[in-house]
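Encoded as structure tokens, the structure appears first; notes follow it.
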Amino acid sequence: MWRPRTTRVVAYTTAGVVVLGLAALAVVVAPQFKLFDRVLMVAFGMVVAWVLHMLARCRVTADDEGLTVVNAFNTRRLAWPEVLGVSMTEGDPWPTLDLADGTSIGAMGINGAEKALAARQVTELESLLRTRSETPDPA
């Protein structure tokens, strides 16, 4: 399983700070704010935390049948023959998986900001693709 480390730490730390900060603000805010306003503050913090959780949950998981790509708001299951290759150039936020149907999807579970870790993870994924793919390597 590949998942970004820094993104998870930053997202969950930020989510905690936002929720706790807005909850504290809801308690100490001026009296002209009614209960409904205070509840909305905390609810807004929870929505922000949910969005951050969705970003932090991103991962790419490999098993015998294929890949599961969990991005922020969707999950896609791919059989090994469906994935033709993976590419990630300098500056890309995450690698791109080239698919047999001519489309491509991003694999947000490998974060380009973590340069050394991302390079290692992409290399591991390329190696798995070479060994698991049913199409022979042309080289």
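In this note's numbering, the protein residues as written are 12 to 150. Even glycine gets a Cβ: it sits at the ideal position worked out from N, Cα and C.
Restricting attention to Gln43, Gly77, Leu136, Pro15, the CA atom closest to the CA of Met65 is found in Pro15.
With contacts defined as CB atoms closer than 8 Å, Glu93 and Ala111 qualify as a contacting pair. Between the C-alpha atoms of Met99 and Ala41 there is a straight-line separation of about 50 Å. With fewer than 16 other CB atoms across the displayed protein chains lying within 10 angstroms of its CB, Gln43 is exposed. Secondary structure of Arg88 (DSSP, three-state): strand.
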